[in-house]
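**Q**
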Amino acid sequence: MPTPVAAEDLLRRRKRGFSLEAPFYTAPEIFDLDLDIIFGRHWIYVGVDPDLPEPGDCMTVELGAASILLIRGEDMQVRAFHNVCRHRGARLIDEHKTSVGNIVCRYHQWTYGEDGRLLFAEHMGADFDPKCFGLKRVNLRNLAGLIFVCLAENPPVDIEAMAAAMEPYLLPHELSNCKIAHTSELIEEGNWKLTMENNRECYHCSANHPELTIPLFAYGFGFAPGELDDEGRAQAEGYARLRTDCHARWEACGLPSAEIERLNTAVTGFRTERLPLSGDGESHTMDTRVASKKLLGSFTDRKLGGLSFWTQPNSWHHFMSDHIVTFSALPLGPERTLLRTKWLVHKDAVEGVDYDLDNLTKVWLLTNDQDGALVAMAQAGTRQPGYEPGPYSPYTEELVEKFCDWYIGRLSTHLLPAASRVAAE
Amino acid sequence: MPTPVAAEDLLRRRKRGFSLEAPFYTAPEIFDLDLDIIFGRHWIYVGVDPDLPEPGDCMTVELGAASILLIRGEDMQVRAFHNVCRHRGARLIDEHKTSVGNIVCRYHQWTYGEDGRLLFAEHMGADFDPKCFGLKRVNLRNLAGLIFVCLAENPPVDIEAMAAAMEPYLLPHELSNCKIAHTSELIEEGNWKLTMENNRECYHCSANHPELTIPLFAYGFGFAPGELDDEGRAQAEGYARLRTDCHARWEACGLPSAEIERLNTAVTGFRTERLPLSGDGESHTMDTRVASKKLLGSFTDRKLGGLSFWTQPNSWHHFMSDHIVTFSALPLGPERTLLRTKWLVHKDAVEGVDYDLDNLTKVWLLTNDQDGALVAMAQAGTRQPGYEPGPYSPYTEELVEKFCDWYIGRLSTHLLPAASRVAAE
Amino acid sequence: MPTPVAAEDLLRRRKRGFSLEAPFYTAPEIFDLDLDIIFGRHWIYVGVDPDLPEPGDCMTVELGAASILLIRGEDMQVRAFHNVCRHRGARLIDEHKTSVGNIVCRYHQWTYGEDGRLLFAEHMGADFDPKCFGLKRVNLRNLAGLIFVCLAENPPVDIEAMAAAMEPYLLPHELSNCKIAHTSELIEEGNWKLTMENNRECYHCSANHPELTIPLFAYGFGFAPGELDDEGRAQAEGYARLRTDCHARWEACGLPSAEIERLNTAVTGFRTERLPLSGDGESHTMDTRVASKKLLGSFTDRKLGGLSFWTQPNSWHHFMSDHIVTFSALPLGPERTLLRTKWLVHKDAVEGVDYDLDNLTKVWLLTNDQDGALVAMAQAGTRQPGYEPGPYSPYTEELVEKFCDWYIGRLSTHLLPAASRVAAE
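Chains as they are written, first to last, in this note's numbering: chain R, 1 to 425; chain V, 1001 to 1425; chain F, 2001 to 2425.
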């Protein structure tokens, strides 16, 4: 008989260096906790400035049972609200994206402004005070064009520390001056944490990602030094030198490149680094050349490597000289996750002239499909009674471990008495 | 983490004048209570006499997990049984409607008569007493051709009070002398109570039901008097006069028309009134003319308005001079409801001669589809953490409130100690 | 409100002679117990030697959430493992059947031998001991070519008693020298126990299985003697004589034929008997003649009747002179069961020459479909509140009762304190 899952016990007995126990990947009770604590009380990446280019543009994002309505106002600010009418609770906007004047509930025509104020409600009588029935706000932080929301009333304050650290890296790419060339939505048949763990290592890349590994270096994501032969050692050393040289060159141009890593040491955990690319070294494409002739921002140099930005709990982003690819993982169920990927190019780039859409998207469309199959395979195993936590490689799966550290730490902070917590802050 | 739903707490803290808390619309625990208490211990409308015109005609109706088998006997009585064999529990009749001699279980040929007696069971030996293994009865009340069933052993006795009040209204339409011209089944993606709340107000009609509102008066279903301009006030007064005049005329012809309203003051709650129709004022059709030339009963006057009959918890009915439309809402799950609608005309009316089926059904087929979309939209909102109970209009949503009063009252009677109950009887 | 299911109470109040209470067929809690206790701690029939003819051949079998990987080694032994990588828990083999060299996890290329040893794992460093990360074994017993597995660490030892009793019956048919001519997978919409109960009686055969009953005798599976007329009595007596005569003839040829029945008196419960067939009496076919000209083993006599072998909890098998049909019932959910059926002929028999596939499979393909419909009908009844346990026929449903005895006994042994147990061992 399945024992009821006691999250506290699972947190206390978590064994570092090993994958998590099965209920973290399969149990509805843990999934509910994940929605409540992880996705309900942390900053969640949901989209980009160019999702809402004009005043009146709306986008809805589903975080668990919560539907969040983002709308750009006449003042060009993006605001976020609960997507629920204050009358009888109808969902206000059904579409993922649309454009409106005011926000009008189709049920009984209650009408709200772009700032959430209730502007009109018929037949409510003289005692009714519309000021008490405005839309409920959701916290929103626009970080250099990346939009984060937080459902909690008191969101983690250290998003400002992340913003202060990251803006110098991100702003030169001028994301807000881009357009979305393509969006893909892939449903992965696995727990969101398996999607994230898969993202946090490249141990699986050589055997599974023939396209992604074209612009990557063989030893760019860790290796067991004792297992290298002479040739391998030479390659690894060459890569280390290249990285140092590139960092120096880019920093000299005003592009911060060095690693910042607060994956398991901040509530709003993240990591960044600008890394050289292999081959011609321009971009994440099949031929490693830029996908868009129109470079981003005021760039003139195509060889700016790939600036990666990973956030806890649910996003990663790659910024090149010519385009940006941005990923959000959104939990749909204990064993289902939506991976939403967006490819951005300069807003003046013209499809067919400046860029070819297939060339722009090919590497990551294929890579996402491959990862989706791997995540499904991992989920199909963790569901089995024969599963038990296995060891992470200390050389190639350190960031997976840090993801788990962060996750266990965040749940512990909210669920365990202070004395027995796993420190994560 | 979703707190377990304590129905008693939810009942105690219910706030009058506001929509119900979310778990009433979404929680499986409350849905189970609804099936047990509301659909298991009250009179539920399930069909009409003309569903079973001949002896041996059977109909099955699903109330939650219960399948009820209705069969008309040689004596022309309709009886109801649990649709389960007493041997090894096989479902007896699979089809929604069929016709049989005896009721024979296909598994091992146990055979029951139309009165439920076990007539035949092979290989059971000498000690077996067939009298102990007849089909289990379900209570049934045929009210002027409308068939109500109750799964409880001791059904509410005040169905007799409802019958006494309603028979004078209903009998002149001679439902039992009708035939079913059309049946539609619509699955609404919402809790059954949202289906019912939607039915109990017309605040949403003007913006959502262009066809239904053709034969309706703008101020026929409530309004905030303070919001009317001079023209509106004149219209509202005109309608009030018309209603008084019509009532007087119809009552003079032996057709009771005045409102009876026991929606939240009886266990078997209901409401009725005969209301004038707009335009030509004959019937609920696109041109407001009768849909069937063959009038019902012994009617000669086409302008008898619309006699409406609403029952708690799950039905409404509109009786015109020429046809009847009857609706039952049957819960399929916390967020799914079957709306079964039947259009009846005089049994001698000939399709294509006396009535056109499309003309007969158009208004309500379209209206049902529109309501189904509204119910789904309301459900999609109540499911969200951003939902909170909102205020009902005191002018246009009084009957919604009375539906909630009745519902909360019935659950309270069965679940709360007497001292803390919300009075509903 | 559905009362939580207390398995212990249900076990204690079980009434012999009657079908089980509804939760045994419908409740997820009981289904979980069934997976844990019945399918997790008993010997489960999952396939045959000819499923894996060559070294490297793999087959996966799903028992509840467990996926079991069977593989034949170079030493021709079949071994069973949990189908889960010891690294991060990915499912190793996706396909139901495939052939491999070593077992390689596609995620990070961890590689296991046919004996489960971890042969290769990259980047794990010097402290990693591969000997601690071999695949987890599952117990396996090959009984004359029928493969049984047991997930428990200490499986019931009396499988050896069953093997000792059954090998003399089974070995002459030389199952391991057969090939699978056809496999069918049928999903029955019912609890696995209803699939088994259906298998354990032929009370339902005359009205539901026109094809299966061709080679069967009318009184071969029990009858109420008091209900027979003179002709029936003569038939029953004739059949009893034929059975005695056949047993004597077959035993004289070295083919044990007498009934052995330990259905509810052994942990590894079973029953066997070789029974005469009607008509030409050769095989289970539409014309009762052999389906394959190439007889099994060293048989020369086509008229060897049908040797049946029934095991608790999930299999039955029919061995004829020319072919074998073997059935396993595997639970998919409280109300869904997979019935996997395999038809085997001599491995040198040639389709189209020695046997016609349609002729070989027709009787049981049709019978399985008919049984699937009956199981669904029974499930649809037990799900209803109107269901209550009904009486088994003491003449035709004795083996159903013994199945229930065994089942209740096994659960009781594991769940009830010794003093209050229903004895089953």
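Cβ atoms here follow ideal geometry from the backbone N, Cα and C, with glycine treated the same way.
1) Answer yes or no: does any C-beta atom of chain R fall closer than 8 Å to that of Leu1069 (chain V)?
2) Quick one, which of F:Val2104, F:Glu2231 and F:Ile2159 has its alpha-carbon nearest Gly2134 (chain F)'s?
3) Using the beta-carbon of each residue, which ones in chain R are nearer than 8 Å to Met1377 (chain V)?
4) Take Gly2040 (chain F) as the anchor and find which of F:Lys2179, F:Tyr2112 and F:Ile2068 has the nearest alpha-carbon.
5) Assign Thr1244 (chain V) to one of two classes, buried (16 or more other C-beta atoms within 10 Å of its C-beta) or exposed (fewer than that).
6) Check the Cβ of Thr382 (chain R) against every Cβ in chain F and list those closer than 7 Å, keeping chain order.
7) On the DSSP letters alone, give me the boundaries of the alpha helix (DSSP H) that Met2166 (chain F) sits inside.
8) Please compile the residues from chain F whose C-beta is within a distance smaller than 8 Å of the C-beta of Cys1404 (chain V).
9) Can you list, in chain order, the residues of the stretch 108-136 of chain R whose Cβ is nearer than 8 Å to any Cβ on chain B?
10) Are the beta-carbon atoms belonging to Gly1145 (chain V) and Ser1176 (chain V) less than 8 Å from one another?
11) Strictly under 8 Å for the Cβ-Cβ distance: is Pro23 (chain R) near chain F by that measure?
12) Starting from the C-beta of Arg88 (chain R), find all residues in its chain whose C-beta is less than 8 Å away, skip the five residues before and the five after it, and write them out in chain order.
13) Can you have a look at Ala1022 (chain V) and say buried or exposed, based on whether 16 or more other CB atoms are within 10 angstroms of its CB?
14) Quick one: what's got a C-beta closer than 6 Å to Met1162 (chain V)'s C-beta in the same chain, skipping five residues either side?
15) Assuming contact is defined by CB atoms lying nearer than 8 Å, are Arg1400 (chain V) and Leu1194 (chain V) in contact in what I supplied?
16) Is Val1429 (chain V) helix, strand or coil by DSSP?
17) So, helix, strand or coil for Ala1983 (chain F), using DSSP?
18) So if I threshold CB-CB distances at 8 Å, which residues from the stretch 309-333 of chain R count as touching chain F?
19) Quick one, which of R:Asp57, R:Ala218, R:Leu360 and R:Arg410 has its alpha-carbon nearest Ala266 (chain R)'s?
20) Kindly confirm or deny that the stretch 1048-1067 of chain V and the stretch 1326-1333 of chain V touch, where touching means at least three C-beta pairs closer than 8 Å.
21) If you reduce the DSSP assignment to three classes, tell me which class Asn1314 (chain V) lands in.
22) Got a sec: which bits of the stretch 2070-2083 of chain F sit with their beta carbon under 9 Å from any beta carbon on chain R, in order along the chain?
23) Output yes or no for whether 8 Å exceeds the beta carbon distance between Pro2334 (chain F) and Leu2020 (chain F).
24) Which one of V:Ile1044, V:Ala1181 and V:Ala1164 has the shortest CA to CA distance from Asn1139 (chain V)?
25) Secondary structure at Thr1026 (chain V), three-state DSSP: helix, strand or coil?
26) Thinking Trp1192 (chain V) and Asn1102 (chain V) are a contact (beta carbons under 8 Å), I'd like their distance in whole angstroms, please.
27) Between Leu2170 (chain F) and Glu2273 (chain F), what straight-line distance do the alpha-carbon atoms span, to the nearest angstrom?
28) Taking only beta-carbon positions, decide if Ser1019 (chain V) is within less than 8 Å of chain R.
29) Report yes or no: is there a C-beta of chain R within less than 8 Å of the C-beta of Pro1391 (chain V)?
30) Taking the alpha-carbon positions, what's the Pro1002 (chain V) to Asp32 (chain R) distance?
31) Should Met2196 (chain F) be labelled buried (16 or more other beta-carbon atoms within 10 Å of its own) or exposed?
32) Taking C-beta pairs closer than 8 Å, name the residues in chain R that Cys2085 (chain F) reaches, listed in chain order.
33) Between the alpha carbons of Pro385 (chain R) and His414 (chain R), how many angstroms are there, rounded?
34) The alpha helix (DSSP H) that contains Thr1288 (chain V), what's its start and end?
35) With distances taken from CA atoms, which of V:Thr1300, V:His1042, V:Pro1210 and V:Ala1224 is nearest Cys1150 (chain V)?
36) Would you identify the three-state DSSP class for His2173 (chain F), choosing helix, strand or coil?
**A** Quick answer:
1) no
2) F:Val2104
3) Ala90, Arg91, Asp94, Arg106 and Tyr107
4) F:Ile2068
5) exposed
6) Gly2089
7) Ile2159 to Leu2170
8) None at all; the shortest Cβ gap to chain F is about 20 Å.
9) The question asks about chain B, but that chain is absent: this structure's protein chains are R, V and F.
10) yes
11) no
12) Tyr107 and His108
13) buried
14) Thr1268 and Phe1270
15) Note that residue 1400 (chain V) corresponds to Val in the displayed sequence, not to Arg. No, Cβ-Cβ distance for Val1400 (chain V) and Leu1194 (chain V) is not below 8 Å.
16) Lying before the first or after the last residue shown, residue 1429 (chain V) is absent from chain V, which here runs from 1001 to 1425.
17) Because chain F in this structure spans residues 2001 to 2425, residue 1983 (chain F) falls outside the shown range and cannot be described.
18) none
19) R:Arg410
20) yes
21) coil
22) Phe2081, His2082 and Asn2083
23) no
24) V:Ile1044
25) helix
26) No, Trp1192 (chain V) and Asn1102 (chain V) are not in contact; Cβ-Cβ is about 35 Å, not under 8 Å.
27) 11 Å
28) yes
29) yes
30) Residue placement at Pro1002 (chain V) cannot be trusted, given a pLDDT of 47 that sits under 50; the coordinates are not used to answer.
31) buried
32) Gly381 and Gly390
33) 29 Å
34) It is not in any alpha helix (DSSP H) - Thr1288 (chain V) carries neither H nor E in the DSSP assignment.
35) V:His1042
36) helix
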